[in-house]
Every structure is written in structure tokens, then in C-alpha cells.
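K.L.:
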Amino acid sequence: MASRRVLVLDDHQIGSMIEGHSWSEFIDDDDDIELYIFTSEGALSEKDKSSPRVRAYKEVAHPTTDGTLEIWSFEMHKKYSFTHVYTNNEDLIIRTAHIRTLLNIKNGLTAETVPAYREKVRMKEFASKGGYPVPPFQRLFAPADLIGFIEKQGYPVVVKPTLGCASAGLSLIKTEEDLHTFLSTKLFASIDVDQRMDLVGEFMAEGYMKGGMFHVDGIAKNGQIIHAWPFVYIHTCLSFCQDGSAYGNSSVPRSNPLHDRLIKTAQRLLNILPTPSDGLVFHLELYENLDENRLPDDDFVLCEIAARAPGASITHLIDLLSFQNDKKQSFARLDFRISVSLPIPESIDDEEKVVSDLIVPRKPGKLMYIPRECPIPDIKYIPLADTEKPTVFEKYDVNGMNSSCRFIAETKTMEHGQELVEKGFEWFESVFINTPLDEPCTVSLMKELHRYFHRKIFK
8 MASRRVLVLD DHQIGSMIEG HSWSEFIDDD DDIELYIFTS EGALSEKDKS SPRVRAYKEV
68 AHPTTDGTLE IWSFEMHKKY SFTHVYTNNE DLIIRTAHIR TLLNIKNGLT AETVPAYREK
128 VRMKEFASKG GYPVPPFQRL FAPADLIGFI EKQGYPVVVK PTLGCASAGL SLIKTEEDLH
188 TFLSTKLFAS IDVDQRMDLV GEFMAEGYMK GGMFHVDGIA KNGQIIHAWP FVYIHTCLSF
248 CQDGSAYGNS SVPRSNPLHD RLIKTAQRLL NILPTPSDGL VFHLELYENL DENRLPDDDF
308 VLCEIAARAP GASITHLIDL LSFQNDKKQS FARLDFRISV SLPIPESIDD EEKVVSDLIV
368 PRKPGKLMYI PRECPIPDIK YIPLADTEKP TVFEKYDVNG MNSSCRFIAE TKTMEHGQEL
428 VEKGFEWFES VFINTPLDEP CTVSLMKELH RYFHRKIFK
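Going by the numbering used here, the final residue of the sequence shown carries number 466, and the count climbs one at a time with no gaps.
#1: What's the C-alpha gap between C248 and S178?
#2: In whole angstroms, what is the alpha-carbon distance linking E359 and F210?
#3: Contact between the segment 175–192 and the segment 227–237: three or more CB pairs below 8 Å?
#4: Buried or exposed: F81, going by 16 or more other Cβ atoms within 10 Å of its Cβ?
#5: Mind checking which residues open and close the alpha helix (DSSP H) that includes K131?
#6: What's the call for Q425, buried or exposed, on a 16-neighbour Cβ count within 10 Å?
#7: What are the boundary residues of the alpha helix (DSSP H) that G424 is part of?
#8: In chain order, which alpha helix (DSSP H) runs of at least 4 residues are fully inside the segment 30–118?
#9: Under 8 Å, do D364 and L328 count as touching if we go by C-beta distance?
#10: Using the C-alpha atoms, what's the distance from I100 back to D73?
#11: Whole-angstrom Cβ separation of R62 and L42, contact assumed at under 8 Å?
#12: Given a threshold of 16 other Cβ atoms within 10 Å of its Cβ, counted over all protein chains shown, does G255 qualify as buried or as exposed?
#13: Helix or strand or just coil, what does DSSP make of G155?
#14: Could you pull the DSSP bridge partners for S284 from this structure?
#15: Which one of A149, P371, V361, K373 has the shortest CA to CA distance from G208?
#16: Can you give me the Cβ contacts of T103 inside the same chain, cut-off strictly under 6 Å, excluding the 5 residues immediately before and after it?
#17: What are the boundary residues of the beta strand (DSSP E) that includes F348?
#18: Going by C-alpha to C-alpha distance, which of L14, S88, V121, M8 sits closest to R315?
#19: Tell me which residue opens and which closes the beta strand (DSSP E) that T418 is part of.
#20: Are Y124 and A319 touching if we call contact CB-CB under 8 Å?
#21: Identify whether H28 lies in helix, strand or coil by the three-state DSSP scheme.
#22: Using the three-state DSSP reduction, which class does T182 fall into: helix, strand or coil?
#23: Is the segment 377–390 in contact with the segment 343–354, if contact means three or more CB pairs nearer than 8 Å?
#24: Expressed to the nearest angstrom, what Euclidean distance is found between the alpha-carbon atoms of T442 and Y376?
#25: Between the Cα of P142 and the Cα atoms of L287, R301, L194, G176, which residue gives the shortest distance?
#26: Could you pull out every residue in the same chain whose Cβ sits closer than 6 Å to the Cβ of T282, ignoring the five residues on either side in sequence?
#27: What number of angstroms, rounded off, separates the C-alpha of P368 from the C-alpha of Y240?
#28: Could you check if Q145 is buried or exposed, using at least 16 other CB atoms within 10 Å of its CB as the buried criterion?
#29: Touching or not, the segment 39–55 and the segment 124–135, by the rule of three or more beta carbon pairs under 8 Å?
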């Protein structure tokens, strides 16, 4: 029996814009480790299924909504005495922590410590108590709590699930009319099922923060950051989900003073939060602090922190920054290895460059035409929607693919990178064809002809 017996909990039912991986790829020949994997149907690669490292696995339709995950984990632990439990799925972080507590596994986050990295009210309570800047916030148990919060803070305010992700379920309330709409049609719509009528504190109100947003993606050991990659958001996930705006990221180079300031504030937060004694992978989102009366070190305000790797597009940018010349390494590999107490490189030689991307969302309607290639030099264009046939899109779905395409630029400065991806977006907006779902067939036919001749010319 191997010295490390790792239970891997995963769910890949949602498609990704980045190519997947095999778990066994992250294991070196001399690593003394065995894997036991619970995942979604069709997610496990043939390489993993045939690997001697994978001693057992089970696939179900939707692990994130299947409680037999815990039963399988508990029964398999009786046989194999797991030493680690790993997940990189945000919807499974809390359940994974509770499984560690159930199995008396001491490494990683536990049922007691995981709320600081997942439950947004507890997270901000931890941070605020430690002196870290946070927006005004309040847990909501009833509509009166929201009304009282607005009376104190004024408009606009944000209401979001305390366990939400990717801006799912978030509402921006700017006016009294918005408040009436939210309270009459939205607040109870998600809970009035199976006879449950009351809120149980699963929503929070938060003051709306103006200014820019940033994120720091990193790896800590014993609470100390050993690798970190700071980024500036080009627009935000909120604008992507709610307004249909393009969203992206631009890395902050080491030569920019913002680089060290962002890493310093990330370490300051980790010094406050409970951290596991071994490895922690984190994705920290921050607001720019525009308060003129802020303290000298309070340059940023906490949006949220998650004990997981960033989204696939961001890990891809990190790989372009740090591992483009070392195909064996990747952020995903570091994430897995540090989380199961396997060694990772102590130093990483980053190139002094900037990587930027911009993800263009789908728009409601029928996407009739999307180009295969982009004529703009120095930019990589990746179509994400089907380029061969029209496809229908109704609205943003956190469990679906919501993107039309992606632009990536590698430059010497943040300004040039952002300029290039924005230029790519302007080009895309001028050539793609998206028709209303109720548009007459004759009009759609004319646009189909346009699509046909455009492809003939620019093929």
C-alpha cells in the first residue's frame, strides 16, 4: 500500500475552453501514491483508467448533486485509509472539507476552517475581525434586512448567494424600482421549492464597490505564499454575466510596483485567515480601495477568496507566463501536487512579459456566423462557439458554455496587451452574425447568404 492514498473528488459535466488532463500525468515515477477517483460520467481519461496509479474509480452523472459521493468515500476509506482528499471543483470544496473531518484527515481545509474560503459572510467576518478592508455587508434572513441595509448604505447594493460562484445568482440593485422587482420576483424564486418558504441566511447584501478589480492566484505552504501571479481584470465576470460584456485578464509584470503590492496584500489576508498546515491553492479577488481616508496599507478591499485554482482561462494564462518552455509543468500540476504533499519547484523563472485575454460572451439569439480566423496580427483568436452551423443561446447559465470566442495577446506592457484584445473584440463585433430567435426565415436566409459569401472570400 502506498504512503499517499488520495481520494480525488471531481465533476467535469461542464465543458471547458481549455483541454483537460489526466490525473496520472501529475505523478512522477518515484512518487509513492495511489489514486481513488469519484467523478462524472465520461470524465476519466482512458490513460487514467488503465494507470496502475488509479486503484479504483466511480463515475456518476452529477457528483455535485449526488450524496452517494460521501457514502462511496466513507466505505472506500474503511478499505484503504485515505491520507488526503483532493478537489479543484468549487462546488465540492465544502463537502471535501467535511469528508476530511469525517475521515479524521488532518491536512487540507476541514469543516471548521473551510467557511473562511467559501461562505462569503463568514469569510468577510474573518477578514474584518483581523483588520482587513471589506465592503459593508450583511447576511439576509428576510426582506426587512435588505431594506434596513439600503437605508444605512444607500444605493446601489449587491445581493448574492453566500455560496455562489462566477457571479451566479448575483443581483445589482440600483434603484427603488430594482428593489421592488427583486423582492417581488427574484428573492424567493430560488427557495420556494419542496415546501421550503423561508430564507436561511443563504443570501447576503453588500455595498457596491466602484473602481478597478484585481486577482491574485497563488500557492501557499504553511500559510506562506511561495508562488503567486497577480492580474488586473479587463472588465469583470459580473459584467460578463449580467450585461453581456466581454471579460478578461491582464497579468501584472514584476517590474510594475502593483505586482508586489498585490502579493503583499494577499499574504496579509492569509495571515488573518485559518490556513492548512500544508499546501493551499487560492484565487483571491480584490477591489481597488477608493476611500480617501483609508489607512496606508489598505490599498485593496476584499471581494472574495477561494481555496481553489482560478478558472481554466486564467490557469492557461499562468502556463503561458511561467511554463511555456517547460511542457511538463503547469499550474494544474502544481495545484494537485502541493495539495497531496508531493514536492513542487521552489522557484519558477517567469518571463518578463504580459499575457492578456478577452472572452466574448454569447448573446441571446441564433448565432448564424462566427469567423474561423482573425486577420489582426500579434493576437491569437480562439473560436469557442460552433463555426460550422448556427447555434441557439438564450441566457447566461453557470453550468454551460457562455462564450463565443477568446482573444490572447503576449506583449511587453499591460497597456499594449489590453489594446490588442480590445481591438480583436471590435473586429469580432463587426463580422459575427447573431439573429433574434423570432426573426422571420427570409431575413435569416439573407444573413446565411452573407455568411456563405464571407466564408468564400476569407476562407
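All C-beta atoms, glycine included, are put in the ideal place defined by N, C-alpha and C.
P.N.:
Looking at the coordinates:
#1: Numbered from its first residue, the sequence shown carries residue 248 at position 241. Numbered from its first residue, the sequence shown carries residue 178 at position 171. Reliability of the predicted coordinates at C248 is poor, the pLDDT of 47 falling under 50, and the value obtained from them is presented with this limitation in mind. So the two alpha carbons sit approximately 10 Å from each other.
#2: As a working mapping, residue 359 is identified with position 352 in the sequence shown. As a working mapping, residue 210 is identified with position 203 in the sequence shown. It is roughly 42 Å from the alpha-carbon of E359 to the alpha-carbon of F210.
#3: Below 8 Å, too few C-beta pairs join the segment 175–192 and the segment 227–237 to call them touching: fewer than three.
#4: Translated into positions along the sequence shown, residue 81 becomes position 74. It counts as exposed.
#5: One-based indexing of the sequence shown puts residue 131 at position 124. Note, K131: alpha helix (DSSP H), 127–136.
#6: Taking the sequence shown and counting its residues from 1, the one referred to as residue 425 is at position 418. With a 10 Å radius around the Cβ and a threshold of 16 neighbouring Cβ atoms, Q425 comes out buried.
#7: Taking the first residue of the sequence shown as position 1, residue 424 is located at position 417. That run of the alpha helix (DSSP H) goes 421–438.
#8: Taking only runs of at least 4 residues, the alpha helix (DSSP H) segments lying wholly in the segment 30–118 are 53–56, 75–87, 100–109.
#9: Numbered from its first residue, the sequence shown carries residue 364 at position 357. Numbered from its first residue, the sequence shown carries residue 328 at position 321. Here D364 is not near L328, since their CB atoms are 8 Å or more apart.
#10: Numbered from its first residue, the sequence shown carries residue 73 at position 66. Numbered from its first residue, the sequence shown carries residue 100 at position 93. Rounded to the nearest whole angstrom, the C-alpha separation of D73 and I100 is 14 Å.
#11: As a position in the sequence shown, residue 62 is number 55, starting the count at 1. As a position in the sequence shown, residue 42 is number 35, starting the count at 1. Contact flag correct, Cβ pair sits at about 7 Å.
#12: Residue numbering aside, residue 255 sits at position 248 when the sequence shown is read from its first letter. Per the 10 Å Cβ criterion, buried.
#13: Residue numbering aside, residue 155 sits at position 148 when the sequence shown is read from its first letter. When DSSP states are grouped into helix, strand and coil, G155 belongs to the helix group.
#14: By one-based count along the sequence shown, residue 284 stands at place 277. DSSP, once it has assigned bridges, lists no residue as partnering S284.
#15: Stepping through the sequence shown from its first residue, residue 208 is reached at position 201. Taking only the C-alpha atoms, the option nearest G208 is A149.
#16: For the purposes of this step, residue 103 is taken as residue 96 along the sequence shown, with counting starting at 1. Counting only Cβ-Cβ distances below 6 Å, and skipping sequence neighbours, we find L16, V92, T94.
#17: Here residue 348 refers to the residue found at position 341 when the sequence shown is read from its first residue. Sequence check: residue 348 is Ser here, not Phe. Per DSSP, S348 belongs to no beta strand (DSSP E) and is neither H nor E.
#18: Counted from its first residue, the sequence shown places residue 315 at position 308. Among L14, S88, V121, M8, the Cα nearest to that of R315 is on V121.
#19: Within the sequence shown, numbered from 1, the residue matching residue 418 stands at position 411. Run containing T418: 410–418, per the beta strand (DSSP E) assignment.
#20: Indexing the sequence shown from 1 puts residue 124 at position 117. Indexing the sequence shown from 1 puts residue 319 at position 312. Not in contact: Y124 and A319 (Cβ atoms no closer than 8 Å).
#21: Numbered from 1 along the sequence shown, position 21 holds the residue referred to as residue 28. The answer is coil: DSSP assigns H28 none of H, G, I, E or B.
#22: Looking up residue 182 in the sequence shown gives position 175. Correct three-state label for T182: coil.
#23: Note that the segment 377–390 does not touch the segment 343–354; fewer than 3 beta-carbon pairs, one per stretch, sit closer than 8 Å.
#24: Position 435 of the sequence shown, counted from the start, is the residue given in the question as residue 442. Position 369 of the sequence shown, counted from the start, is the residue given in the question as residue 376. In a straight line, the C-alpha of T442 is about 10 Å away from that of Y376.
#25: Within the sequence shown, the letter at position 135 stands for residue 142. The residue with the shortest Cα to Cα distance from P142 is R301.
#26: Indexing the sequence shown from 1 puts residue 282 at position 275. Result list for T282: G230, in chain order.
#27: Mapped onto the sequence shown, residue 368 falls at position 361. Mapped onto the sequence shown, residue 240 falls at position 233. The alpha-carbon atoms of P368 and Y240 are separated by roughly 16 Å.
#28: Taking the first residue of the sequence shown as position 1, residue 145 is located at position 138. The residue is buried, with at least 16 neighbouring Cβ atoms inside 10 Å.
#29: The answer is no - the segment 124–135 does not touch the segment 39–55, with fewer than three Cβ pairs under 8 Å.
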